[in-house]
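J.: Residue numbers (full-length UniProt numbering): 1 to 320. Mind looking over this structure? Questions follow.
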């Protein structure tokens with residue numbers, strides 16, 4: 001079983017240390033799991049602990065609820081903690097969306113947090129701001145499933161043009177590598193017309209980054225005559241779905257070299273059912289992407305350009 005923690009030990013908040021098992025269990029099993037680690041299901045004694053745990057859970061997990069240790073033996077009994085603290089206000093979960101606690105069916109499988117007494121609080125203030133809120137810390141990396149849509153054409157193009165398109169493809173892969181550094185990344189790269197396994201563009205495979213990075217450049221001939229029809233892109237994206245379904249934050253990065261006239265009056269939406277966050281990337285001198293008001297220009301296809309795309313994407317992800 002894997003437990004991810006801050007400081008290679010725990011997330012230290014006041015008098016307690018917290019760990020975040022990468023599991024979903026029902027209440028009793030979660031409680032037993034923590035006990036097997038000589039810990040309790042999370043006790044929350046202060047507003048500071050409550051706020052920090054909600055923030056970490058919101059970023060760490062795509063789901064909006066997590067088990068804490070508060071429970072009561074009957075409907076009229078007071079809520080109590082396993083460490084015998086009494087709460088004077090069945091089972092309780094914390095919500096990352098509202099910051100409130102609510103009663104939940106104990107058989108529901110949720111993420112959960114364990115806690116145990118903190119033996120060293122001397123470095124708490126200096127450590128927490130830098131380590132709790134750093135997105136680079138593996139415990140805080142978002143879970144992201146993202147479609148990279150790269151805009152090519154092939155009808156009657158030259159060998160030189162193929163080299164240009166390959167540079168766009170390589171740039172998309174560079175962006176993916178940087179996104180993988182900053183997140184728990186899965187996804188797919190589509191060039192809309194060049195992937196035989198994705199001819200309908202509606203059932204999108206969910207690849208790990210190790211598989212994503214092996215996806216090949218798809219233009220092999222100077223006249224494949226299978227241009228991307230930009231007028232059909234929006235309608236296909238509206239009905240697209242991830243296979244298998246995902247609970248991560250979802251996104252699409254739309255790389256476009258096309259002039260606006262080729263969109264035929266259609267637009268790319270700022271969100272779709274399967275792509276909650278959508279950002280546009282301008283390559284090859286393109287000046288706009290209809291429907292996306294703030295695309296980022298990758299003028300040099302450089303390392304810095306790729307980092308800027310990832311920064312924009314992560315900043316655009318919803319906060320809960």
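Idealized CB from N, CA, C, for every residue including glycine. Please read these numbers as outputs of a predicted model, since none were measured by experiment.
I need the straight-line Cα distance from residue 145 to residue 237, nearest angstrom please.
T.: 15 Å
J.: With a threshold of 16 other CB atoms inside 10 Å of the CB of residue 187, please say whether the residue is buried or exposed.
T.: buried
J.: For residue 181, does the count of other Cβ atoms within 10 angstroms reach 16, so buried, or fall short, so exposed?
T.: Exposed, by the Cβ-count rule.
J.: If you compare alpha carbons, which of 281, 264, 103, 160 is closest to residue 254?
T.: 281
J.: If you reduce the DSSP assignment to three classes, tell me which class residue 314 lands in.
T.: helix
J.: Could you tell me if residue 400 is buried or exposed, where buried requires 16 or more neighbouring beta carbons within 10 angstroms of its beta carbon?
T.: Any answer about residue 400 is impossible in this case: the structure gives the chain only from 1 up to 320.
J.: Got a sec? Which residues, its chain only, sit under 7 Å from residue 310 by beta carbon, not counting five neighbours each side?
T.: 175, 178, 179, 182
J.: How should residue 172 be labelled, buried or exposed, when 16 other C-beta atoms within 10 angstroms of its C-beta is the threshold for buried?
T.: buried
J.: Could you work out which residue in 265, 164, 304 is closest to residue 150 when comparing CA atoms only?
T.: 164
J.: Who are the Cβ neighbours of residue 209 in its own chain at under 6 Å, not counting the five residues just before and after it?
T.: 180, 185
J.: Identify, in the order they occur along the chain, each residue of the same chain with its Cβ nearer than 7 Å to the Cβ of residue 169, setting aside the five sequence neighbours on each side.
T.: 150, 217
J.: So, are the CB atoms of residue 40 and residue 15 less than 7 Å apart?
T.: no
J.: Below 8 Å on the Cβ atoms is my guess for residue 367 versus residue 204; work out the distance and round it to an integer in Å.
T.: Outside the displayed range of the chain (1 to 320) lies residue 367, so it cannot be described from this structure.
J.: Within a Cβ cutoff of 6 Å, which residues of the same chain sit near residue 305, ignoring the five residues on either side of it in sequence?
T.: 298
J.: Look up residue 144 in the DSSP assignment and say whether it is helix, strand or coil.
T.: strand
J.: Less than 7 Å separating the beta-carbons of residue 67 and residue 110?
T.: yes
J.: Please look up how many angstroms separate the CB atoms of residue 246 and residue 206, rounded, as I've assumed it's under 8 Å.
T.: 6 Å
J.: Start and end of the beta strand (DSSP E) containing residue 255?
T.: 249 to 256
J.: Determine the direct distance from the alpha carbon of residue 54 to that of residue 335, and round the result to whole angstroms.
T.: The requested residue 335 is not part of the displayed model; the chain covers only 1 to 320.
J.: Compare the Cα-Cα distances from residue 275 to each of 251, 112, 57 and report the closest residue.
T.: 251
J.: In whole angstroms, what is the alpha-carbon distance linking residue 114 and residue 317?
T.: 27 Å
J.: Starting from the Cα of residue 147, find the closest Cα among 189, 211, 108 and give me that residue.
T.: 189
J.: I'd like the list of long-range same chain contacts for residue 256, defined as Cβ closer than 6 Å, with 5 residues on each side in sequence excluded.
T.: 151, 286, 289
J.: Just the C-alpha distance for residue 211 and residue 244, rounded to the nearest angstrom, thanks.
T.: Answer to the nearest angstrom: the Cα atoms are 15 Å apart.
J.: At what residues does the beta strand (DSSP E) containing residue 204 begin and finish?
T.: 203 to 205
J.: Using beta-carbon positions only, say whether residue 312 and residue 296 come within less than 7 Å of one another.
T.: yes
J.: What residues are listed by DSSP as bridge partners for residue 215?
T.: Answer is none; residue 215 lacks a bridge partner.
J.: Below 7 Å between beta carbons: does that hold for residue 106 and residue 33?
T.: no
J.: Indicate whether at least one CB of chain B lies closer than 7 Å to the CB of residue 303.
T.: The structure shown contains no chain B; it holds only a single protein chain.
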